[in-house]
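Please read the structure below before turning to the comments.
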Amino acid sequence: MTAASPRILLVEDEELNRTLVKAVLARAEVAAVREARVIDAPTLAAARSRLGEEQVDLVLLDMNLPDGNGLSLAGELAAGTVTGGRPRPAVVAVTASVLPQDRAAALAAGCDGFLDKPYAAADLVAVVAEHLPPR
């Protein structure tokens, strides 16, 4: 990991899921994905705190969290209210709610992408690579 490594905020309440995502990203064939620094946030409150403290390039945002729906954070990011004046990161909704209206709601709330659970490792790597800033 270099100083210019991309930063990903993984907002996911399940510890096993966080561990698996980190393992998949660390083994990715895409260098930018493999070299990314992954920051954990198990709740919306923790995510807001992390976003207030440091710049991230991408938020992988679970929709169903113990302290609320991820769409509320997506809306706050779109409005620029949680990043402390830093640039808005890309946001990918990660959810088992895969109905067309769920996808539409995520995109309307400000998400840049959508990843259905369960997903294949290759799909996770592809969506992360697509939404990381160019290096």
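Numbering-wise, UniProt numbering puts 11 at position 11 of the sequence shown, and it's gapless, one number per residue.
Beta carbons are placed, not taken as given, at the ideal position from N, Cα and C, and that holds for glycine.
Distance between Ala23 and Leu10 (C-alpha atoms, nearest Å): Rounded to the nearest angstrom, the two C-alpha atoms are 13 Å apart.
message: Cutting at 7 Å between CB atoms, please list the residues of its own chain near Leu71, excluding the five before and the five after it.
response: Met63, Ala105, Ala106, Ala109.
- prompt: Looking at C-beta atoms only, is the number of pairs between the stretch 75-91 and the stretch 47-59 that lie closer than 8 Å three or more?
  reply: A contact exists between the stretch 75-91 and the stretch 47-59.
- request: Classify Asp116 as helix, strand or coil using the three-state DSSP reduction.
  value: Of the three classes helix, strand and coil, the one that applies to Asp116 here is strand, per DSSP.
query: Would you report the Cα separation of Leu44 and Asp67, rounded to the nearest angstrom?
result: Straight-line Cα distance between these residues: approximately 6 Å.
message: Restricting to Cα atoms, I'd like to know which of Gly75, Leu124, Ala96 is closest to Val21.
response: Nearest C-alpha to Val21 among Gly75, Leu124, Ala96: Leu124.
Proximity below 7 Å, CB of Val33 to CB of Ala129: Cβ atoms of Val33 and Ala129: closer than 7 Å.
query: Where does the unbroken beta strand (DSSP E) through Leu60 begin, and where does it stop?
result: Per DSSP, the continuous beta strand (DSSP E) segment holding Leu60 begins and ends at 58-62.
message: In whole angstroms, give me the CA-to-CA distance for Cys111 and Val92.
response: Between the alpha carbons of Cys111 and Val92 lies a distance of about 6 Å.
- request: Could you tell me which residues DSSP pairs with Leu9 in its beta bridges?
  value: According to DSSP, which records beta bridges pairwise, Leu9 is partnered with Ile39, Val59.
- prompt: Based on Cα-Cα distance, which residue from Ala78, Ala90, Asp116, Arg48 lies nearest to Arg99?
  reply: Note on identity: in this sequence residue 99 is Leu, with Arg being the wrong assignment. Selection Ala78, Ala90, Asp116, Arg48 evaluated against Leu99 yields Asp116 as nearest (Cα-Cα).
message: According to DSSP, is Leu132 part of a helix, a strand, or is it coil?
response: Reduced to three states, the DSSP call for Leu132 is coil.
- prompt: Does the beta-carbon of Gly113 have 16 or more other beta-carbons within 10 angstroms, so that it is buried, or is it exposed?
  reply: Buried, since its Cβ has 16 or more Cβ neighbours within 10 Å.
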